[in-house]
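Residue numbers (UniProt numbering): 1 to 174.
Structure follows, in structure tokens:
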């Protein structure tokens, strides 16, 4: 399995997930359990809002982004050497509704060494894109990623990171 380290990322690199169709029953169950505002659970009340009908809650929308992110960050053939998140800025741009077809697109905005040895800082734009190409959710995330251990190089064993003590490292796995 390939491990993606800081040195493997370049500004402008981009990946996209497969498509996910929003299941109305799943969405409503999540909304009822976690965010039961009328616009999320009551078709009659939601019809009277500017949305014109029931929309997904923000939490449900973010959970779809996480679900699709697994396809990008945590594949059987490739895992990112993710060390943790530092900051998030998110914007709900357009509502998500039952039946929407969504995919996630991530783009590297910044990838640089950290002041702490063995790691780097990334800034990534994650977008949940609807079937028409409209962005429903946009997140700019700052995180830490391991630098390639000094005793490895491209094509050699990249399975065991050694730049950080084992207690400080995990592969991004969901």
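Note that the Cβ used here is the ideal one computed from N, Cα and C, for glycine as well.
Fair warning: this is a prediction, and the values are worked out from it, not measured in the lab.
- Between the alpha carbons of residue 6 and residue 132 lies a distance of about 33 Å.
- In chain order, 143, 144 place their CB closer than 8 Å to the CB of residue 84, counting only its own chain and leaving out the 5 sequence neighbours on each side.
- Under the DSSP assignment, residue 39 falls in the alpha helix (DSSP H) whose first and last residues are 38-41.
- The closest CA to that of residue 15, considering only 95, 121, 70, 94, is found on 70.
- Within the same chain, and ignoring the five residues on either side of residue 40 in sequence, the residues whose Cβ sits closer than 6 Å to its Cβ are 31, 57.
- Taking 9 Å as the cut-off, the Cβ atoms of residue 22 and residue 90 do not count as close.
- Going by beta carbons, residue 10 and residue 108 fall inside the 9 Å limit.
- Burial state of residue 112 is exposed, judged by a 10 Å Cβ sphere holding fewer than 16 other Cβ atoms.
- Beta-bridge annotation (DSSP): residue 101 is paired with 21.
- For residue 125, the uninterrupted beta strand (DSSP E) segment begins and ends at 119-130.
- The shortest C-alpha to C-alpha distance from residue 93 to any of 19, 46, 138 is the one to 138.
- At a cut-off of 3 residues, the continuous stretches assigned as beta strand (DSSP E) that sit fully inside the region 25-80 are 78-80.
- Bounds of the beta strand (DSSP E) holding residue 91 are 82-92.
- The beta-bridge partner set that DSSP reports for residue 106 consists of 15, 126.
- By the neighbour-count criterion, in which 16 or more other beta carbons inside 10 Å mark a residue as buried, residue 27 falls on the buried side.
- The residue among 104, 95, 78, 37 with its C-alpha nearest the C-alpha of residue 129 is 104.
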